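Heads up: the structure comes next, in structure tokens.
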Amino acid sequence: MRTYVCILLLIFILALTNTPTAAEDNGNWEEQINYTLHWGESVDVNGSLIKAHDFSRARPFDIETDYVMLTILSESSEEWNVMLSTNSSDIPVSKIVGGRLNITALEVVTGNDIPTPYTKIGVSIFNFTTQNSESWINTTLQVSKTKLKNVNIDERAFITIQLHNLRGSSLDDISINETLPENLIFDPEIEEINISDLNPYSKKVIQYSVKALYPGNYTIPPTEIRLVNNGITYFQYSNSTNFIVHGPYINATKTVKGNDTDPEILDIAVNVKNEGDRAAHIRIQDEMLVESKLIDGKTSADLVLLPNNTTNLSYIVHMNKIQGNMIVPSAIIEYTDAKGYSGTVRTNRYYLNSIYEDGGTIVFDEYEEDKEQQITNFTRPAKQVEVEEDGLKYKTIRSVKDIVDNTMRIINQALSW
Numbered sequence: 453m454r455t456y457v458c459i460l461l462l463i464f465i466l467a468l469t470n471t472p473t474a475a476e477d478n479g480n481w482e483e484q485i486n487y488t489l490h491w492g493e494s495v496d497v498n499g500s501l502i503k504a505h506d507f508s509r510a511r512p513f514d515i516e517t518d519y520v521m522l523t524i525l526s527e528s529s530e531e532w533n534v535m536l537s538t539n540s541s542d543i544p545v546s547k548i549v550g551g552r553l554n555i556t557a558l559e560v561v562t563g564n565d566i567p568t569p570y571t572k573i574g575v576s577i578f579n580f581t582t583q584n585s586e587s588w589i590n591t592t593l594q595v596s597k598t599k600l601k602n603v604n605i606d607e608r609a610f611i612t613i614q615l616h617n618l619r620g621s622s623l624d625d626i627s628i629n630e631t632l633p634e635n636l637i638f639d640p641e642i643e644e645i646n647i648s649d650l651n652p653y654s655k656k657v658i659q660y661s662v663k664a665l666y667p668g669n670y671t672i673p674p675t676e677i678r679l680v681n682n683g684i685t686y687f688q689y690s691n692s693t694n695f696i697v698h699g700p701y702i703n704a705t706k707t708v709k710g711n712d713t714d715p716e717i718l719d720i721a722v723n724v725k726n727e728g729d730r731a732a733h734i735r736i737q738d739e740m741l742v743e744s745k746l747i748d749g750k751t752s753a754d755l756v757l758l759p760n761n762t763t764n765l766s767y768i769v770h771m772n773k774i775q776g777n778m779i780v781p782s783a784i785i786e787y788t789d790a791k792g793y794s795g796t797v798r799t800n801r802y803y804l805n806s807i808y809e810d811g812g813t814i815v816f817d818e819y820e821e822d823k824e825q826q827i828t829n830f831t832r833p834a835k836q837v838e839v840e841e842d843g844l845k846y847k848t849i850r851s852v853k854d855i856v857d858n859t860m861r862i863i864n865q866a867l868s869w
């Protein structure tokens, strides 16, 4: 009686182990393909290497149990050992390996009257459709991303991602790929995060930090999680999350316009705007043109600039001398918010003589290494005097030769005087 119960229990266990694990995901098995493997031979089936590793010992007479020992190596280096037989009640005739290969022993031949033992096996592959893949990953891995707290412009925001293994087997090939929106950077910089030890039913928390280049509202898109299982790649995604970065955002421009009636008079304006959501104490200090004299207005200011507010610093100068390629210097704006965050903004530089020429003002960014030129439209006064090369009131230096000639002329005049 005890023997009978043990046999029934063994059959039940074998039936459980041989149940297609992928069937619960409503997948489809492809048509079976047959292969013949002699002792030591192997065949590649959909990226998995199946090898006839060993056979039952050869006898000079027929025995009731002939079996083959197969080793299966997947693309992800997972390995299984399977024993199959066609004439044994204790050894299964087929086996599901890794949820994606169904291997059936069709024939196992051993004996002393053949050069080498061999087996004929049938292999069918589980075909994962997109819908089935999504169903499998949704019941395997749960991902959540914690909502970020709002921060100030000089602070880091921390992202927390939690992975939850919903199955009773380990997940050992997981990678996390985070995509950040524009003007948001990792701080410190990180590479792709890989996880190789997510145990059954366990949770793992990953945390890293980001920093904003400018204040504003930021939305971090769903985090992509890539999971490789039994040679198949699955993708899972977290929720998106958003947060606000508080702080001042100071922008400044400087314009120079010629006077309608007197080309020696220049109107200069520095426009400063706080595009952030926090007030800032600002100090404006503008550098005057060389050979210029202040005749009205002021070149500096000290004030508190509220969010979305603008202030203008304007003054008028008289040019004692206008030389070719004179550069309009940058205005410097220093700012500090209530939390101590500070910064400096500089306006672009450009050539003074270009304000008298058609086609706009050529702007030079003094603090960029590439000295890249930008074109800024310039509205010319209706009565502005047109300045051409032969009509300039003040001589312009156009080349190195001009510099040498003018220098020699000045020296000669000084000697004769």
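For my numbering, count along the sequence shown from 1 and bump the result up by 452.
In this text, a Cβ means the ideal position worked out from N, Cα and C, and glycines have one as well.
Source: prediction; values computed, not measured.
Residue i (DSSP reduced to helix, strand or coil)
{"i": "I589", "result": "helix"}
{"i": "K601", "result": "coil"}
{"i": "E676", "result": "strand"}
{"i": "G843", "result": "For G843, the predicted structure reports a pLDDT of 32, less than 50, and the residue's modelled location is therefore unreliable. A value from the coordinates is still provided. Here G843 sits in helix by DSSP."}
{"i": "A510", "result": "coil"}
{"i": "T517", "result": "coil"}
{"i": "I642", "result": "coil"}
Which listed residue (the options) has its alpha carbon closest to that of residue i
{"i": "N772", "options": "I717, Y689, P633, S508", "result": "I717"}
{"i": "D606", "options": "L615, K745, S794", "result": "S794"}
{"i": "I613", "options": "N579, N681, K656, S576", "result": "K656"}
{"i": "S766", "options": "V780, D738, N681, L757", "result": "D738"}
{"i": "G792", "options": "H770, I734, I696", "result": "I734"}
{"i": "E641", "options": "L632, W588, A753", "result": "L632"}
{"i": "V595", "options": "I784, N723, D789, L679", "result": "L679"}
{"i": "E527", "options": "L553, Y519, E634", "result": "L553"}
{"i": "G710", "options": "E530, T799, N681, H770", "result": "H770"}
{"i": "T556", "options": "I543, E531, G563", "result": "I543"}
{"i": "F638", "options": "I672, L615, K706", "result": "I672"}
{"i": "G551", "options": "N703, I684, T799, N800", "result": "I684"}
Residue i versus residue j - alpha carbon distance
{"i": "E743", "j": "L755", "result": "29 Å"}
{"i": "S627", "j": "T693", "result": "20 Å"}
{"i": "T568", "j": "K503", "result": "15 Å"}
{"i": "I658", "j": "N651", "result": "15 Å"}
{"i": "I577", "j": "D565", "result": "34 Å"}
{"i": "Q879", "j": "D712", "result": "Outside the displayed span of the chain (453 to 869) sits residue 879, for which this structure offers no information."}
{"i": "A732", "j": "T762", "result": "12 Å"}
{"i": "M778", "j": "Q688", "result": "60 Å"}
{"i": "L741", "j": "D729", "result": "34 Å"}
{"i": "Y802", "j": "T751", "result": "18 Å"}
{"i": "M496", "j": "L536", "result": "Going by the sequence as given, residue 496 is Asp instead of Met. For D496 and L536, the distance between alpha carbons rounds to 19 Å."}
{"i": "I611", "j": "D649", "result": "21 Å"}
{"i": "L757", "j": "K725", "result": "8 Å"}
{"i": "R681", "j": "D624", "result": "The question names Arg, but residue 681 in the sequence shown is Asn. Rounded to whole angstroms, N681 to D624 spans 8 Å at the Cα level."}
{"i": "I700", "j": "A609", "result": "Here the sequence assigns Pro to residue 700, which means Ile is not the residue at that position. When rounded, the distance between both Cα atoms is 17 Å."}
{"i": "L525", "j": "L665", "result": "49 Å"}
{"i": "Y670", "j": "E676", "result": "18 Å"}
{"i": "S541", "j": "T488", "result": "23 Å"}
Anticipated Cβ contact below 8 Å, residue i with residue j, distance rounded
{"i": "T517", "j": "N533", "result": "That belief does not hold up - the Cβ atoms of T517 and N533 are roughly 18 Å apart, past 8 Å."}
{"i": "S494", "j": "L501", "result": "5 Å"}
{"i": "I747", "j": "I720", "result": "That belief does not hold up - the Cβ atoms of I747 and I720 are roughly 11 Å apart, past 8 Å."}
{"i": "I446", "j": "G620", "result": "Residue 446 is absent from the model: the chain starts at 453 and stops at 869."}
Residues bridged to residue i [DSSP beta-bridge criterion]
{"i": "H505", "result": "According to DSSP, H505 bridges with nothing at all."}
{"i": "G563", "result": "In DSSP, G563 forms no bridge with anything."}
{"i": "A609", "result": "V662"}
{"i": "A753", "result": "I736"}
{"i": "A721", "result": "T707, S766"}
{"i": "G699", "result": "DSSP, once it has assigned bridges, lists no residue as partnering G699."}
{"i": "N554", "result": "I548, S576"}
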